[in-house]
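Novice: Take a look at the following structure, please.
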Amino acid sequence: MQEQTKKDIYYSKVMLFGEYSIILGSMGLTIPYSHFNGELKFINSDSYTNLTFAKNSNKQLQELFDYIASLKEQKVLLADLNTEGLANDLKKGLYFESSIPEGYGLGSSGALVAALYNSYANNRIDAHINISDKELFELKKIFAQIESFYHGTSSGIDPLICYLKHPIVLENAHHISSVGIPRQDILNEDAIFLLDAETTGKTAPLVKQFMDKVSDPGFKKLIDTQLIPTTNRCISSMLSGQLNDMFHSLKELSNFQLNYFKEMIPEPIQAFWEEGFSTELYTLKLCGSGGGGFFLGFTRNYSAAKAYFATKGKEIIPVYQEV
2 MQEQTKKDIY YSKVMLFGEY SIILGSMGLT IPYSHFNGEL KFINSDSYTN LTFAKNSNKQ
62 LQELFDYIAS LKEQKVLLAD LNTEGLANDL KKGLYFESSI PEGYGLGSSG ALVAALYNSY
122 ANNRIDAHIN ISDKELFELK KIFAQIESFY HGTSSGIDPL ICYLKHPIVL ENAHHISSVG
182 IPRQDILNED AIFLLDAETT GKTAPLVKQF MDKVSDPGFK KLIDTQLIPT TNRCISSMLS
242 GQLNDMFHSL KELSNFQLNY FKEMIPEPIQ AFWEEGFSTE LYTLKLCGSG GGGFFLGFTR
302 NYSAAKAYFA TKGKEIIPVY QEV
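Using the working numbering, the letters of the sequence shown map in sequence onto residues 2 to 324.
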């Protein structure tokens, strides 16, 4: 592995809109979140990570390597990876030092996949401001294949945002682009925050459960006629700076998720979810696959929302705020 530099630190991600629906063709909007991050290191190097964590990480990396090596042996591995170099580094104690909590919807596996690709891909596609659509989709396919080891099914978006370190919008099945979020309609108290369910979620079984439900024509129709259009409106409104419209569509999206994705929302969070509707102080939605971990909140009065959650013994973590 090459010598580590600052650019080899990979941020977590927050998918603002598109979880689950992106699998079936909706738009998706994802931003990097530098508060949590990770990087490849070697055991016994200058590190604050405890030895048990490092050894467990090394073991998990070995399992991922076995999966990658199997794909290469079958001649179906999409990335040209230096598997020999990776194998040697694993023997030397390679691990992923990370502050990204696993099972929290922040892309811990995505950051790892991005880091591995950056360090071990031959003829890699570099992340740069003028990256082409063709290159973006090539990366997305490569990342989806590797990350599927963790989730069974992967869109590749999580590792892609971790690799690019810039907000991206998936507009349709053929177009991904880097974007900026307009600020002209953002008020001083507008904010996006994380709410901790204080339990972890398992992505793979939840994605499988969702795909099983989609096989029901009635549920599939709800996704096509309600979830996907509402998700797309949220993204289009945010990217055009129309936050009043975005918050209106967001409430529809939040209500849909509460009604049809209940198994992905722990009961204590369901209570906060409903209180958001009744107080009109904030709106909650899934952050990633759900089941536990973080949930995403949007508010136009961050100070009041923060004070409200404090009275409930909960601290919210800002993702994006103007205060």
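A virtual CB, placed ideally from N, CA and C, is assigned to each residue, including glycine.
Just how far apart, CA to CA, sit Gln61 and Leu107?
Specialist: Approximately 18 Å, taken between the alpha carbons.
Novice: Could you have a look at Asn57 and say whether DSSP puts it in helix, strand or coil?
Specialist: In this structure, Asn57 counts as helix in the three-state DSSP scheme.
Novice: List the DSSP bridge partners of Ile24.
Specialist: According to DSSP, which records beta bridges pairwise, Ile24 is partnered with nothing at all.
Novice: So what's Leu91 in DSSP terms, helix, strand or just coil?
Specialist: Residue state, collapsed to three classes: helix.
Novice: Assuming Ser100 and Asn38 are in contact, meaning their beta carbons sit under 8 Å apart, how far apart are those beta carbons, in whole angstroms?
Specialist: About 6 Å; that satisfies the 8 Å criterion.
Novice: Expressed to the nearest angstrom, what Euclidean distance is found between the alpha-carbon atoms of Ile130 and Gly181?
Specialist: Going by the C-alpha atoms only, they are around 12 Å apart.
Novice: What first and last residue would you give for the beta strand (DSSP E) that runs through His176?
Specialist: His176 -> beta strand (DSSP E) spans 176-179.
Novice: Pop quiz: Met28 and Val170 are said to be a contact at Cβ under 8 Å. What is the actual Cβ separation, rounded to whole angstroms?
Specialist: Confirmed, about 7 Å.
Novice: Return the CA-CA distance between Asp1 and Thr204, expressed in angstroms with no decimal places.
Specialist: With the chain covering only 2 through 324, there is no way to say anything about residue 1.
Novice: Distance, Cα to Cα, Asn276 vs Phe144?
Specialist: A small correction: the amino acid at residue 276 is Glu; Asn does not occupy that position in the sequence shown. Taking the straight line from one Cα to the other gives about 38 Å.
Novice: Give the secondary structure of Glu4 by DSSP, where H, G and I count as helix, E and B as strand, and everything else as coil.
Specialist: The predicted model places Glu4 with a pLDDT of 47, which falls under 50 and marks its position as unreliable; any figure quoted below should be read in that light. Correct three-state label for Glu4: coil.
Novice: Would you mind sorting Glu4 into buried or exposed? The rule is 16 or more other CB atoms within 10 Å of its CB.
Specialist: Note on Glu4: pLDDT 47, under 50, position unreliable in the model; no value is reported.
Novice: Quick one: complete beta strand (DSSP E) runs, 3+ long, within the stretch 180-261?
Specialist: Entirely contained in the stretch 180-261, the beta strand (DSSP E) runs reaching 3 residues are, in chain order, 192-197.
Novice: Measure from the alpha carbon of Pro102 to the alpha carbon of each residue in Ser155, Glu199, Pro218, Ala88, then state which is nearest.
Specialist: For the residues Ser155, Glu199, Pro218, Ala88, the minimum Cα distance to Pro102 belongs to Glu199.
Novice: Since I believe Gly19 is in contact with Thr232 (beta carbons under 8 Å), could you give me their beta-carbon distance rounded to a whole number of angstroms?
Specialist: Rounded, the Cβ-Cβ distance is 6 Å, consistent with contact.
Novice: In chain order, what residues of the same chain have a beta carbon less than 6 Å from the beta carbon of Lys155, not counting five sequence neighbours either side?
Specialist: Going by the sequence as given, residue 155 is Ser instead of Lys. Cβ neighbours of Ser155 beyond the five flanking positions: Ala145, Glu148, Ser149.
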